[in-house]
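Residue numbers (our numbering): 3 to 157.
1. So what does residue 64 bridge to, in DSSP terms?
2. For the stretch 93–105 against the stretch 136–153, are there 3 or more C-beta pairs whose distance is under 8 Å?
3. May I have the straight-line CA-CA distance separating residue 86 from residue 77, to the nearest angstrom?
4. Name the DSSP beta bridge partners of residue 140, please?
5. Quick check on this structure: which residue in 49, 45, 65 has the alpha carbon closest to the alpha carbon of residue 153?
6. By the three-class DSSP mapping on this structure, what secondary structure does residue 40 have?
7. Following the continuous beta strand (DSSP E) through residue 130, name the residue where it begins and the one where it ends.
8. Going along the chain, which residues of its own chain have a beta-carbon closer than 7 Å to the beta-carbon of residue 69, five neighbours each way excluded?
9. Under a three-way DSSP split, which group does residue 35 fall into?
10. How about residue 130 and residue 80: do their beta carbons lie closer than 9 Å?
11. Can you give the Cα-Cα distance for residue 90 and residue 48, rounded to whole angstroms?
12. Of all the options 43, 51, 136, which has the alpha carbon lying nearest to the alpha carbon of residue 67?
13. I need the DSSP call for residue 69, collapsed to helix, strand or coil.
This is the structure:
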């Protein structure tokens, strides 16, 4: 019984607290406001908004990668914006408890895509998943979030 109680307490501590990641510098903060206008990307490009709102697992950081390239590490209430060439398939990945979770996306020219990262309970630590959300839901969520610094993954 003591082991069960200890495991429950450890789980509570794991999912409380608040992780943080570096935010974009002041110059990019102005860019953050520009990204929140959700302008249509130029011809031949697609916009990817990858975000994580608050909720379960606030003490957990998780890496985000596009085609294996580090975009950054997520924490609650942040987003990344990445412009990519259209007409290609992209694999957006996040680390999870035992293996990466991937979302495949065929990028169309001039389109913005909103990808929500969510934390889910795991056996030892929280896992993470990704889902494509519609523009209205993604735009509403991103209005409340801060732009994170790109290129710094945990592993």
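Heads up, the beta-carbon is just placed ideally off N, CA and C, and yes, glycines get one too. Note that the structure is predicted; figures quoted are calculated from it, not measured.
Taking the definition as stated:
1. 76
2. no
3. 23 Å
4. None; residue 140 has no bridge partner.
5. 65
6. Correct three-state label for residue 40: coil.
7. 129–135
8. 92, 93
9. helix
10. Note that the C-beta distance between residue 130 and residue 80 is not below 9 Å.
11. 10 Å
12. 51
13. Reduced to three states, the DSSP call for residue 69 is coil.
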